[in-house]
Structure formats: C-alpha cells, structure tokens
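Residue numbers (my numbering), protein chains in the order written: chain A, 2 to 254; chain B, 2 to 254.
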C-alpha cells in the first residue's frame, strides 16, 4: 500500500502503482511531493491524443523555490539485479532484444549491455524532463495511447496506472500544433487530490488485486495467444507477442 | 464526405472515415444501417480496458428480421490493387512482412501470399463476428487501447476514427470476467445518432483535414523518428518504427 498512489481527478479516480525497484529516486521524489500536497489542484495541462497526459505546475512565479533536478533512472545495470528475475515473453521485439516482466511491470532487457528498463506501454508513468537528461523535477506523464517505445531508455518510468485509465483517457486534448498544451486548463483537467496508500477520499473503496504473471493462468494466456489454438482465429499468426498488449492484469474484487 | 460517419455519443462527437477500398461490403452494410437509423439509440455494450469498445443491438427479440451475414473481408489480393500504392514504413514488423500506408490507413502486406489488409491500430473500426468467419452482421467495435494486432487478417476492418477518441475512451468499462459486457448499459454508453456525411446534428461544426502521408512533412516526421537526430533523445534506438504509433494525422482547422 505504501507504493500505491490514489489520485482523484475531476473525471474520477486513478490508482498508480510505483516501481521503486526501477527508479528509486523518482519514486521518492514523487512520494515526497504527493505527501506535501504538491499535486493537489494542479492540472493535466498537456494532453496529446494517442500519446500522453502530462501534469504539473505551470505557474513559473519567481518566488517559488525550484526543486533539485533528479539524476535520470532510465535503466538499471542487470548486474545489480541478480535477485530480481526477468520473465521473458518475446525476444527480438521491434525495439529491444528481450521484453517481458520485471516484478509486475513490462520491461526490456539488453543482455549485451546488461541493462534493464521499464517500458512505455499504455499506463506507464514517467517524469517529464527538458532536453538535458538529468533535468526531471516534478512534472509527470501517463501514456494514454499506443506505446511510445521510442521513449524507452530515454525517460525515467517510475510507475504504472492500475485503475482508472478511462478517467485519464477522457481528459480534454490539447492541439498538436501547440505541443498538446491546453490553452487554459480548466477544472475538467484537475488533480483534486493525491494520497499515498490512502483511498479514504474515494467515493467507492477499491479492492485491487494484481494477478501474478508467474501464475499458471497468466502463462496459459500467453501460450494460447502465441498459438491462437482457438477456432475463432482463422489466421494463426507467427507466434509473436506485443508485450504492451499483455500487461499484468489488476482485478477489482 | 460520403465516407465520413458522424456519431453523436452521450460523451460527445465521434467521426469515422470509411475504407470502401478495403472492405466494400462491410462499408455498404454499415452505411445502409446508418441511413436507416439502425444504430440510433444503441449502446456500446461491451467495453474492455486496453482493447475495444463494441456497439450493437443486444435485444434478441424473436420478431426481428435477422440480417444476412457478410462474407469476410479480412484481406485483399494485391493483384487486384495495382493502381493502389502501398507506402512501406517498416519491414519485418513483429506481425507482418511489410507495414505502411494504404491510402490514408495503416496496412500490412504479405508479398509471398500477395495479400494486403488494414491493421488493428488504435481507432480501427471493424465488424464483430462469432467464431464463424463469415458471420458479421451489424455489431462493430473500435480499438481503444494498444493495437490488438492478433486480430489482423481475422476481422474485417472497414474504417478508422479520425475524431473523438476521447469520447470513446471515456466510455464505462465492463468487467473482463464477463467478457467486458456491461451488465446494464445506461444512457452513458449510448449512440444518440449516426449520420453519413452530415454533421448538422453536431453542436460544433468540425472542419477535419487529413494530412497526406505522401507529403514531405509526413516523410520528414518518419525520417526524424527513425534517426532520433534530436538532442532530446539520449538513446537513439535501432531505427525501427511501430506503424500504429504513426497514423495519418487529421487536423481540425
């Protein structure tokens, strides 16, 4: 519960699961800001159809104390991760040598370069930054469209949405010509409150259960998806899987 | 305009561009039903997070005249398409030998089997069917999540959403355990009206402009995406592109 963040947007509840194993400093920063009420009342001010919804403080008043920029956590040396298994789902994916699951998150791995990283699948939560790699401070985005895998290894993914994608995908879009920035963010795009491990501000209490990807049910799903050994499929495919289509499911119940 | 369908959902407007070149019989059926007011008042009764939103008539009263099932149009022989160019974007994509654009739609092509088909990218519109390949009649779905490419060559894609994805992605989800079927579809999920080439029922008139993918601007976008020759990208990738991330854009203006 210490790694679950409960957001109430104007459109409804959103729950983020944090990934301290992949981006410890980003998770710590996010938690600190959430605990301090930093995001309460801030808008999703940049929402691009088929891409991301980004939130943060756009008020650049001179009297604000700037936050210290974070060192990027775009990937982790595998040598540090011997105790953390990687369950491979697909080799030679379009973008990575190996993709699969790292804990309950979709991840990529490069055996030569001995690096592992979280993927920009739908629902991925990452910190925004400027051109400079080590420049993230507080603005964050959620992937709301087709996986922008070109951001893998470039941005620090530190969590994923496990509930309420509909409430993010319903946010008003900005114009692409203006980089998706919404001219005048209204109450419609607001984060009303953000809390760690505490959903007492939710109207309906959620009981979310992450389904283990190592479980036999999940393995069977992947096997069935590869073979398409089901009369519904008249074209049986080539056995390849897009890892971003198979996130570790979270059940409400 | 004859191939644009204007839907008004409870959540807002949605515009579909039809693809008669790929699925002529499905387009004809859809147009006939729209013109007859068939979809007016029907719900999106099956909405699955990360997958599709499906609409149709779930009332199986015995006194209704059943519609004649359609022969599948899951792909087209390339030999028939010599006058219709295919602009390749990526070879050896995870699922197809070639992917690119066919008219303004994302498509796949198999040079050996001489087949071409429309892809299940976000926004793709296709007819639902039972296990039997030639069984579609009227229920249709829209892809609202990561591209379910395993449905390529299995289902008849006949259009794409060019406006209002937010109004589809905000639809209430059903439970996965129940195949995403919503127990009791309410007004929230309703198609209030559907019209061909006529947006007079829209509150705000839209002026949608499809950007030509053959244009130099689009080609430059793809080239820049391949090379990531931009200081923002510290990891430059391998030059591969996910075609579903690069739909032909539609501008409002």
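Heads up, the beta-carbon is just placed ideally off N, CA and C, and yes, glycines get one too.
Task: Limits of the unbroken beta strand (DSSP E) element including residue 116 of chain A - done: It spans 116–119 - the beta strand (DSSP E) in which residue 116 of chain A sits, taken as one unbroken run.
Open item on the list: Am I right that residue 118 of chain B and residue 75 of chain B are in contact with their C-beta atoms under 8 Å? What's the rounded C-beta distance?
Closed with: 6 Å
Open item on the list: Against chain A, which members of the region 138–163 of chain B pass a CB distance test of less than 7 Å?
Closed with: Going along the region 138–163 of chain B in chain order, one finds 146, 147, 148, 149, 150, 151, 154, 155 with a Cβ nearer than 7 Å to chain A.
Open item on the list: Check whether chain A comes within 8 Å of residue 77 of chain B, counting only Cβ atoms and requiring the distance to be less than that.
Closed with: no
Open item on the list: Please report the distance separating the alpha-carbon of residue 36 of chain A from that of residue 157 of chain A.
Closed with: A direct Cα-Cα distance of roughly 21 Å separates residue 36 of chain A from residue 157 of chain A.
- [ ] Under the assumption that residue 207 of chain A contacts residue 164 of chain A (Cβ atoms under 8 Å), give the Cβ distance between them as a whole number of angstroms.
- [x] 6 Å
Open item on the list: Rounded to whole angstroms, what is the Cα-Cα separation between residue 64 of chain B and residue 42 of chain B?
Closed with: 19 Å
- [ ] Figure out for me which residue from B:185, B:167, B:110 has the closest Cα to the Cα of residue 143 of chain B.
- [x] B:167
Open item on the list: Between residue 255 of chain A and chain B, is the shortest Cβ-Cβ distance under 8 Å, so that the two count as touching?
Closed with: Lying before the first or after the last residue shown, residue 255 of chain A is absent from chain A, which here runs from 2 to 254.
- [ ] Give me whichever residues DSSP pairs with residue 196 of chain A in a beta bridge.
- [x] A:7
Task: Span separating the alpha-carbon of residue 225 of chain B from that of residue 244 of chain B - done: 14 Å
Open item on the list: Report the start-end ranges of each beta strand (DSSP E) in the region 42–66 of chain A that is 3 residues or longer and not cut off at the edges.
Closed with: 45–48, 53–56
Task: Proximal residues to residue 171 of chain A (C-beta, below 6 Å), its chain only, five neighbours per side dropped - done: 12
Open item on the list: Taking contact to mean 3 or more Cβ pairs, one atom from each stretch, closer than 8 Å, check whether the region 8–23 of chain A and the region 185–198 of chain A are in contact.
Closed with: Yes, the region 8–23 of chain A touches the region 185–198 of chain A.
- [ ] Confirm, please, whether the CB-CB distance from residue 91 of chain A to residue 231 of chain A is below 8 Å.
- [x] no
Task: Inter-stretch contact at 8 Å, needing at least 3 Cβ pairs: the region 147–162 of chain B / the region 24–31 of chain B - done: yes
Task: Closest residue to residue 84 of chain B among B:104, B:129, B:98, B:108 (Cα-Cα distance) - done: B:104
Task: Inter-residue CB distance, residue 198 of chain A and residue 2 of chain A (contact presumed, cutoff 8 Å) - done: 4 Å
Task: Interface residues of chain A facing residue 166 of chain B [CB-CB closer than 9 Å] - done: 50, 51, 146, 170, 174
- [ ] Pick out whichever of B:181, B:69, B:121 has its Cα sitting closest to the Cα of residue 136 of chain B.
- [x] Residue 136 of chain B has its Cα closest to that of B:69, out of B:181, B:69, B:121.
Open item on the list: If we define contact as Cβ-Cβ less than 8 Å, is residue 132 of chain A a contact residue for chain B?
Closed with: yes
Open item on the list: What does the Cβ neighbour count give for residue 211 of chain B, buried or exposed, with the cut at 16 atoms within 10 Å?
Closed with: exposed
- [ ] Measure from the alpha carbon of residue 6 of chain A to the alpha carbon of each residue in A:22, A:32, A:21, then state which is nearest.
- [x] A:32
Open item on the list: Starting from residue 111 of chain A, trace the beta strand (DSSP E) in both directions and tell me its first and last residue.
Closed with: 106–111
Open item on the list: Need the endpoints of the alpha helix (DSSP H) that residue 89 of chain B sits in, please.
Closed with: First-last for residue 89 of chain B: 87–92, but that is the beta strand (DSSP E), not the alpha helix (DSSP H).
Task: Residue from A:100, A:174, A:131, A:67 whose Cα sits closest to the Cα of residue 46 of chain A - done: A:174
TODO: Leaving out five residues on either side along the sequence, give the residues of the same chain with a beta carbon under 8 Å from the beta carbon of residue 48 of chain B.
DONE: 54, 55, 145, 172, 173, 174, 175, 181, 183, 190
Task: Any C-beta of chain A under 8 Å from that of residue 238 of chain B - done: yes
TODO: Take residue 52 of chain A and list the residues in its own chain whose beta-carbon comes closer than 8 Å to its own, dropping the five residues that flank it on each side.
DONE: Sequence-distant Cβ neighbours of residue 52 of chain A in its own chain, meaning closer than 8 Å and more than five residues away, are 144, 145, 146, 149, 181.
TODO: Compare the C-beta of residue 102 of chain A with all C-beta atoms of chain B and state if any pair is closer than 8 Å.
DONE: no
- [ ] Taking residue 121 of chain B and residue 153 of chain B to be in contact with their CB atoms under 8 Å, please state how far apart those CB atoms are, rounded to whole angstroms.
- [x] Correct: roughly 6 Å between the Cβ atoms.
Open item on the list: Looking only at its chain, what residues have a beta carbon closer than 7 Å to the beta carbon of residue 72 of chain B, apart from the 5 residues adjacent to it on each side?
Closed with: 26, 135
Open item on the list: Measuring alpha carbon to alpha carbon, tell me which residue in B:196, B:227, B:250, B:246 is nearest residue 215 of chain B.
Closed with: B:250
TODO: Check each candidate in B:22, B:221, B:235 and name the one with the smallest Cα separation from residue 131 of chain A.
DONE: B:235
Open item on the list: Quick check: is the beta carbon of residue 123 of chain A nearer than 8 Å to any beta carbon in chain B?
Closed with: yes
- [ ] Indicate the three-state DSSP secondary structure (helix, strand or coil) for residue 17 of chain B in the structure shown.
- [x] strand
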